[in-house]
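Numbered by mature numbering (1 follows the signal peptide of the UniProt record, and there is no 0), the letters in the sequence shown go through residues -24 to -1, 1 to 350 in order.
Ideal Cβ positions, reconstructed from N, Cα and C, are used throughout, including at glycine.
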Amino acid sequence: VKWFHISSAVLMLNCLFRIPLMRGKSARQALEERGLFEEYRRKFPSNSAAKFLPQNEQSLVPMTFDPYTTYYGEIGIGSPPQIFKVLFDTGSADLWIPSVSCTSSACETHSQYNSSASSTFQASANTFHISYYSGFTSGSTGYELIKISNLYVDHQIFGFTDTEAGFLEFQPWDGILGLAFPGLSNEGGTPLFNNLWNQGKIPQNMFSMYLSSSVEGSALVLGGLDSTYYTGTMNWIPLYQASNFWNIQIQSITINGNTVACSGNCVATVDSGTSLILGPERDINNINGWLGATTDAYGDATVSCAVTDLLPDVVFNINGYSFALPPSAYVIKSASGCTTGFASGSWILGEVFMRQFYTAFDVGQNRVGFAPAV
C-alpha cells in the first residue's frame, strides 16, 4: 500500500463555502400589505445611485431606500455567535448591524447585537456614520469573531448602530456586509472578504453570487465558482480603471439590433445591493420607450402584465460578449401591476441583471465574470 500525502492546499481547492441566501419580502411588499407604501415612498425618496456619487470630505457613504432588495444570508457575530441576516452588498465595504443600545424604531424590528454577551468583542474608539439619501445610520465600531458559512474571521472590524434611518424598518435584512474594495470602507478597516483571503481561509481570492427568482436556492459562494449554478462558460470582463467599485465598461445596449442606450461605451457598477438596472434618464427613457412602457406618477415605468411575454430582449454588449435579458428577467410584478426593471441613475447592473447571470467577483485578477444562471 502506498500512502500519498495530500497537502491541505490541494484539499482546499475543492472546498467552496456556500452561504444560502433567502429571498425575503421586499420592503415594498411588506409596506403594500399594510397600505403604507405610498406614504413611505413620499417620505423616503429612492435614489439608488446615491451611494456611487463622489464622496465628500467627511467620507460619508450615501445609501438609499431601495424598496425592492430582498436577498439576505446569515452570519454569526461574537462568541457565542449572535445571528444576523445581512444584505451582501458589492456596492459598499463595511459591515454593520443594529445594537441593543439602538433607540430607533427600525432596530426594534431586527436582531440586535449585544457586545457584553460576547467573549471575543474588542472595543474601538472610533464611531461610524453612514449617510443615507433619506436619513442616516450611526454608531460605534469594534472588532469581533465573525462566522460566515463554516469559516471564522478573526478580529473583524464592524459597526453596531445606535441610530438608524426609518426606512430600514421594513427591510428583510438586519444589516449590511459590504463586498466592495477596502478603499471604500467608512469604518477604516479591512473588509470581511479581504480578511478571509488574508487569513488563508479560502482557496481563491474570489466570490460569486447566484440569485434565484424563488424564495430559496440563492447563494453566495466564497473562494471560487460553483459550476452547478451556471451553464456554458464564464465570460470574464476586466474591471474598468482603478476604483473601489466593481466597475466594467459596456460597449452598447441594443434591442432588435438597434442601439438604444450606452452608445459609444459607458461605465457601469455591478452591484448586488441595488435591485434594478439604472442608467442616465435619457438612456433609460429610450429603453423603456422601446418596451412600450408608460411612466406613472412616481416615475415607475409600467407595462401591461398581459403583454410582457411579447416584449423584446434587452441586450448588453460587454467586452465582445452579448448578454440578453428577456422580459421574464426585467419585468417586475407586484400587487399594483407590472413595471420594468430599468430606472434612472448612474449605470448600475443590479439584481435584475444578476438573476439572469451568475456573477463572479475576482478580487485577485480584478475582473467580473458572467455566465447564464441555471
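Exercise. If Ser68 and Ala156 are in contact, beta carbons under 8 angstroms, what's the gap, nearest whole angstrom?
Worked result: The residue labelled residue 68 in the question sits at position 92 within the sequence shown. The residue labelled residue 156 in the question sits at position 180 within the sequence shown. Between the beta-carbon of Ser68 and that of Ala156 there is about 6 angstroms, and that keeps the pair under the 8 angstroms contact cut.
For this session: Quick one: grab the DSSP three-state call for Thr284.
Result: Residue 284 sits at position 308 when you count from the first residue of the sequence shown. Note: Thr284 maps to helix in three-state DSSP.
Exercise. Using the beta-carbon count (16 or more within 10 Å), is Ile59 buried or exposed?
Worked result: Counted from its first residue, the sequence shown places residue 59 at position 83. Exposed, since its Cβ has fewer than 16 Cβ neighbours within 10 Å.
Exercise. What do you get for Gln147, buried or exposed, if any count of 16 or more other CB atoms within 10 angstroms of its CB means buried?
Worked result: Position 171 of the sequence shown, counted from the start, is the residue given in the question as residue 147. Note on Gln147: 16 or more other CB atoms within 10 angstroms of its CB, so buried under the neighbour-count rule.
Problem set entry | Sufficient close CB pairs (3 or more, under 8 angstroms) joining the stretch 298 to 318 to the stretch 171 to 182 | In short, these stretches do not touch, since the Cβ pair count stays below three.
Problem set entry | N-terminal and C-terminal residue of the beta strand (DSSP E) that Cys83 is part of | If you number the sequence shown from 1, residue 83 lands on position 107. In the DSSP assignment, Cys83 falls outside any beta strand (DSSP E) and within the unbroken alpha helix (DSSP H) covering 81 to 84.
For this session: For the stretch 104 to 136, list the alpha helix (DSSP H) runs that are entirely contained and at least 4 residues long, ordered along the chain.
Result: Unbroken alpha helix (DSSP H) stretches of 4 residues or longer found wholly inside the stretch 104 to 136: none.
For this session: Could you pull the start and end residues of the beta strand (DSSP E) that Ser310 belongs to?
Result: For the purposes of this step, residue 310 is identified with residue 334 of the sequence shown, where counting begins at 1. From DSSP, the beta strand (DSSP E) with Ser310 extends over 307 to 310.
Exercise. Who are the Cβ neighbours of Trp266 in its own chain at under 6 angstroms, not counting the five residues just before and after it?
Worked result: Position 290 of the sequence shown, counted from the first residue, corresponds to residue 266. Cβ contact annotation for Trp266 (same chain, cutoff 6 angstroms, sequence separation greater than five): Ile231, Val236, in chain order.
Exercise. What does Val291 pair with, by DSSP beta-bridge criteria?
Worked result: Position 315 of the sequence shown, counted from the start, is the residue given in the question as residue 291. Paired residue(s): Thr230, Ala300.
Exercise. CB Glu120 to CB Phe97, shorter than 7 angstroms?
Worked result: Position 144 of the sequence shown, counted from the start, is the residue given in the question as residue 120. Position 121 of the sequence shown, counted from the start, is the residue given in the question as residue 97. Going by C-beta atoms, Glu120 is nearer than 7 angstroms to Phe97.
Problem set entry | Best match in Phe13, Ala349, Thr66, Cys(-10) for proximity to Asn211 [C-alpha to C-alpha] | The count along the sequence shown starts at 1 and reaches residue 211 at position 235. When only C-alpha atoms are compared, the closest one is Ala349.
Problem set entry | Cα-Cα separation, Asn171 to Gln217 | Taking the sequence shown and counting its residues from 1, one reaches residue 171 at position 195. Taking the sequence shown and counting its residues from 1, one reaches residue 217 at position 241. For Asn171 and Gln217, the distance between alpha carbons rounds to 24 angstroms.
Exercise. Closest by CA to Ser114, which one among Gly199, Asn234, Ile73?
Worked result: As a working mapping, residue 114 is identified with position 138 in the sequence shown. Closest option to Ser114, Cα to Cα, is Ile73.
Exercise. How long is the line joining the alpha carbons of Tyr206 and Val344, rounded to whole angstroms?
Worked result: On the sequence shown, position 230 is the one that residue 206 refers to. On the sequence shown, position 368 is the one that residue 344 refers to. So the two alpha carbons sit approximately 15 angstroms from each other.
Exercise. What whole-angstrom Cβ distance do Leu198 and Ser125 have, given they're in contact under 8 angstroms?
Worked result: Here residue 198 corresponds to residue number 222 of the sequence shown, with the count starting at 1. Here residue 125 corresponds to residue number 149 of the sequence shown, with the count starting at 1. The pair is a contact, with the Cβ atoms about 6 angstroms apart (cut-off 8 angstroms).
Exercise. Under the three-state reduction of DSSP, which class applies to Leu172: helix, strand or coil?
Worked result: Numbered from its first residue, the sequence shown carries residue 172 at position 196. If DSSP states are grouped into helix, strand and coil, Leu172 belongs with the helices.
For this session: Locate the alpha helix (DSSP H) running through Glu327, then write down its first and last residues.
Result: Here residue 327 is taken as the residue at index 351 of the sequence shown, counted from 1. DSSP places Glu327 in the uninterrupted alpha helix (DSSP H) bounded by 327 to 332.
Exercise. Would Phe346 be called buried (16 or more neighbouring beta carbons within 10 Å of its own) or exposed?
Worked result: On the sequence shown, residue 346 is found 370 positions in, with the first residue counted as 1. Classification of Phe346: buried, given that the 10 Å Cβ count is 16 or more.
For this session: Tell me whether Tyr48 sits in a helix, a strand or coil according to DSSP, three-state version.
Result: Residue numbering aside, residue 48 sits at position 72 when the sequence shown is read from its first letter. Judged by DSSP in its simplified three-state form, Tyr48 adopts strand.
For this session: Just confirm the distance between the C-beta atoms of Phe329 and Leu301, as a whole number of angstroms; I'd bet it's less than 8 angstroms.
Result: In the sequence shown, residue 329 corresponds to position 353, counting from 1. In the sequence shown, residue 301 corresponds to position 325, counting from 1. Contact flag correct, Cβ pair sits at about 7 angstroms.
Exercise. Since Pro303 contacts Thr284 with CB under 8 angstroms, what's their CB separation in whole angstroms?
Worked result: The residue labelled residue 303 in the question sits at position 327 within the sequence shown. The residue labelled residue 284 in the question sits at position 308 within the sequence shown. With a Cβ gap of about 5 angstroms, Pro303 and Thr284 count as contacting.
For this session: Go ahead and label Asn234 buried or exposed: buried means 16 or more other beta carbons lie within 10 angstroms of its beta carbon, across all protein chains shown.
Result: To locate residue 234, count along the sequence shown from 1; it is residue 258. Exposed, because fewer than 16 other Cβ atoms sit within 10 Å of the Cβ of Asn234.
Exercise. Helix, strand or coil: how does DSSP classify Asp65 here?
Worked result: For the purposes of this step, residue 65 is taken as residue 89 along the sequence shown, with counting starting at 1. Strand.
Problem set entry | Cβ neighbour criterion (16 or more within 10 Å) applied to Phe41 | Counting from 1 along the sequence shown, the entry for residue 41 is found at position 65. In this predicted model, Phe41 has a pLDDT of only 49, less than 50, meaning its place in the structure is not dependable enough to derive any value.
Exercise. Looking only at DSSP bridge pairs, what is residue 363 linked to?
Worked result: Given that the chain is displayed from residue -24 to residue 350, the structure contains no residue 363 and the question cannot be resolved.
Exercise. Around the C-beta of Asn162, are 16 or more other C-beta atoms found within 10 angstroms, so that it is buried, or is it exposed?
Worked result: Here residue 162 refers to the residue found at position 186 when the sequence shown is read from its first residue. Buried, because 16 or more other Cβ atoms sit within 10 Å of the Cβ of Asn162.
Exercise. Whose C-beta lies closer than 8 angstroms to the C-beta of Asn264 among residues of the same chain, with five residues either side of it excluded?
Worked result: The sequence position of residue 264 within the sequence shown is 288, counting from 1. Around Asn264: Thr271, Ala277, Thr316, Phe318.
Problem set entry | Cutoff 8 angstroms; reference Pro214; Cβ partners in own chain excluding five residues on either side | Taking the first residue of the sequence shown as position 1, residue 214 is located at position 238. Scanning its chain for C-beta atoms nearer than 8 angstroms, with the 5 sequence neighbours on each side dropped, one finds around Pro214 the residues Ile224, Asn295, Asn342, Arg343, in chain order.
Problem set entry | Contact with chain B by Leu215, beta-carbon distance below 7 angstroms | The structure shown has no chain B; it contains just one protein chain.
Problem set entry | Straight-line gap, Ser188 to Leu252 (C-alpha atoms, nearest Å) | In the sequence shown, residue 188 corresponds to position 212, counting from 1. In the sequence shown, residue 252 corresponds to position 276, counting from 1. Spanning the two alpha carbons is a distance of roughly 15 angstroms.
For this session: Keeping to the same chain, check which residues put their C-beta closer than 7 angstroms to that of Thr209; ignore five residues upstream and five downstream.
Result: Here residue 209 corresponds to residue number 233 of the sequence shown, with the count starting at 1. Shown here for Thr209: same chain residues with a beta carbon closer than 7 angstroms to its own, the five before and five after excluded, namely Ala347 in chain order.
Exercise. When the Cα atoms are used, what is the spatial distance from His(-20) to Leu(-9)?
Worked result: As a working mapping, residue -20 is identified with position 5 in the sequence shown. As a working mapping, residue -9 is identified with position 16 in the sequence shown. Residue placement at His(-20) is flagged as unreliable, the pLDDT there being 42, under the threshold of 50; a coordinate-derived value is accordingly withheld.
Exercise. Helix, strand or coil: how does DSSP classify Ser75 here?
Worked result: For the purposes of this step, residue 75 is taken as residue 99 along the sequence shown, with counting starting at 1. The answer is strand: DSSP assigns Ser75 an E or B state.
Exercise. Which residue from Gly321, Ser81, Gln332, Val307 puts its Cα closest to that of Ala244?
Worked result: Numbered from 1 along the sequence shown, position 268 holds the residue referred to as residue 244. Minimum Cα distance to Ala244 is reached at Gly321.
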